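The opening residue of the sequence shown carries number 450 in my numbering; numbering runs sequentially from there. Beta carbons: idealized from backbone N, C-alpha and C, even for Gly. Just so it is clear, the structure is predicted and the values come from calculations on it, not from any experiment. One structure is given below, encoded as structure tokens.
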Amino acid sequence: MTQELLQSPNSSDSPSEPRSSLPFPFNQQTFCRFEPIEQSIETARVLVVDNLLRDEHDISEIARSEWGPLIDSELKRERLIAGMAIENILNNISRLVKSPETEVVHLSAVAEAVNRFKPDAVVLSGTLRDFDFYQTSILSDFTTFIRATTVPVLAICGGHQLVGLSFGARVVTLDKLEQHEQRVDRPQEYQYRFIRIVDPTDPIFEGIREELPSSSKDMRILRVWQNHGLQLDRVPAGFKLLATSYLCRNQMMVRRAGDQLIYTVQFHLEKSFEDWNKNRTRWEHPNESRDGRLLFENFLRLALAR
Numbered sequence: 450m451t452q453e454l455l456q457s458p459n460s461s462d463s464p465s466e467p468r469s470s471l472p473f474p475f476n477q478q479t480f481c482r483f484e485p486i487e488q489s490i491e492t493a494r495v496l497v498v499d500n501l502l503r504d505e506h507d508i509s510e511i512a513r514s515e516w517g518p519l520i521d522s523e524l525k526r527e528r529l530i531a532g533m534a535i536e537n538i539l540n541n542i543s544r545l546v547k548s549p550e551t552e553v554v555h556l557s558a559v560a561e562a563v564n565r566f567k568p569d570a571v572v573l574s575g576t577l578r579d580f581d582f583y584q585t586s587i588l589s590d591f592t593t594f595i596r597a598t599t600v601p602v603l604a605i606c607g608g609h610q611l612v613g614l615s616f617g618a619r620v621v622t623l624d625k626l627e628q629h630e631q632r633v634d635r636p637q638e639y640q641y642r643f644i645r646i647v648d649p650t651d652p653i654f655e656g657i658r659e660e661l662p663s664s665s666k667d668m669r670i671l672r673v674w675q676n677h678g679l680q681l682d683r684v685p686a687g688f689k690l691l692a693t694s695y696l697c698r699n700q701m702m703v704r705r706a707g708d709q710l711i712y713t714v715q716f717h718l719e720k721s722f723e724d725w726n727k728n729r730t731r732w733e734h735p736n737e738s739r740d741g742r743l744l745f746e747n748f749l750r751l752a753l754a755r
């Protein structure tokens with residue numbers, strides 16, 4: 450299967466030189482080919498939610514106890530990671546939408562921001578810390594919001610876990626332990642991995658298989674960037690599993706209940722453009738996640754269609 454994915458004898462680096470005419474190894478096709486990315490979405494209002502901790506008002510007594518004198522430095526790290534995470538999400542939106550309107554808001558203020566900004570879509574960032582480090586009021590307020598909102602939502606990594614938590618699932622380690630039982634030396638997924646699509650008929654997967662050789666188009670495989678040590682213990686009631694893997698079963702899910710549309714992904718689809726921007730002169734960039742970019746674009750289209 451991997452060999453078929455990596456090879457494409459009909460593909461080419463240039464219009465005049467087909468790969469099949471070149472000697473090994475130049476006749477090989479990397480998984481992600483370079484392709485020009487056109488902004489085909491005219492406009493979208495997107496609220497981006499910073500899910501990381503900000504200051505001492507956001508942290509629980511458990512965090513205070515475990516961090517001790519390191520509180521300031523740990524919160525400084527939260528802000529550093531938050532800046533990079535939000536920049537990646539905003540970069541995706543600006544690359545996919547011709548005239549985007551965006552606003553960034555902290556998790557604790559998401560309900561107010563939705564009422565005021567009236568976005569077409571909400572995108573939740575990842576997280577860095579375990580959820581028992583958060584003030585319970587922040588988590589309970591978000592639960593109230595996410596259970597009632599009719600604005601389409603895309604939740605990424607820690608955001609995926611936060612949505613699952615809000616609908617009754619537990620957040621556990623990849624070893625299926627409670628968060629506090631394995632704070633350090635956890636197994637992690639920190640690399641590009643293949644995951645399996647469970648329901649390829651979902652519109653979020655439109656266009657994923659189009660660039661594969663005809664013999665591989667029925668493969669239900671996504672190549673995505675993983676960076677997490679926690680997972681949901683199950684698919685919450687009202688959600689449908691969309692993608693899975695051997696180490697983390699719930700890689701992607703969707704909720705369509707009443708007026709709600711909530712997509713969540715355990716992986717980092719917002720990594721789509723990061724490596725591309727850093728390698729502008731390369732015809733091929735094997736570290737780019739084309740699949741993640743298409744999922745992000747499809748979500749925006751589905752949100753706007755509502």
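Span of the beta strand (DSSP E) around residue i
i                 : result
threonine 650     : Taken as a continuous stretch (DSSP letters only), threonine 650 belongs to no beta strand (DSSP E), as it is neither H nor E.
leucine 681       : 679 to 681
alanine 512       : Note, alanine 512: premise wrong, no beta strand (DSSP E); alpha helix (DSSP H) at 510 to 516.
glutamate 491     : 490 to 499
arginine 705      : 701 to 706
phenylalanine 745 : Here phenylalanine 745 belongs to no beta strand (DSSP E); instead the alpha helix (DSSP H) covers 739 to 754.
alanine 692       : 688 to 693
leucine 710       : 709 to 714
Buried versus exposed call for residue i [16 or more other C-beta atoms within 10 Å across all chains shown]
i             : result
serine 589    : exposed
glutamine 640 : exposed
glutamate 719 : buried
proline 685   : buried
glutamate 627 : exposed
threonine 599 : exposed
histidine 629 : exposed
histidine 506 : exposed
glutamine 680 : buried
For residue i, the first and last residue of its enclosing alpha helix (DSSP H)
i                 : result
arginine 526      : 520 to 545
glutamine 610     : 607 to 615
phenylalanine 594 : 585 to 597
Minimum C-alpha distance to residue i - residue among the options
i                 : options                           : result
phenylalanine 582 : Leu529, Ile520, Arg565 and Gly613 : Ile520
isoleucine 595    : Ser574, Arg544, Ile711 and His677 : Ile711
arginine 503      : Arg578, His677, Ile486 and Gly517 : Arg578
arginine 742      : Arg513, Arg528, Leu539 and Val498 : Leu539
isoleucine 511    : Gln584, Ala560 and Gly532         : Gln584
phenylalanine 616 : Glu491, Thr713, Glu487 and Pro652 : Thr713
leucine 556       : Val633, Met702, Lys525 and Thr593 : Thr593
asparagine 676    : Ser574, Val498 and Leu524         : Ser574
asparagine 537    : Asp569, Asp499 and Val559         : Asp499
Per-residue DSSP class, three states only, for residue i
i              : result
valine 563     : helix
isoleucine 657 : coil
serine 548     : strand
asparagine 676 : strand
threonine 576  : coil
lysine 625     : coil
glutamate 487  : coil
histidine 506  : helix
alanine 570    : strand
leucine 696    : coil
Residue i: CB within 7 Å of a non-hydrogen atom of the ligand NAP
i          : result
serine 509 : The ligand NAP is absent from the structure shown, which contains no ligands of any kind.
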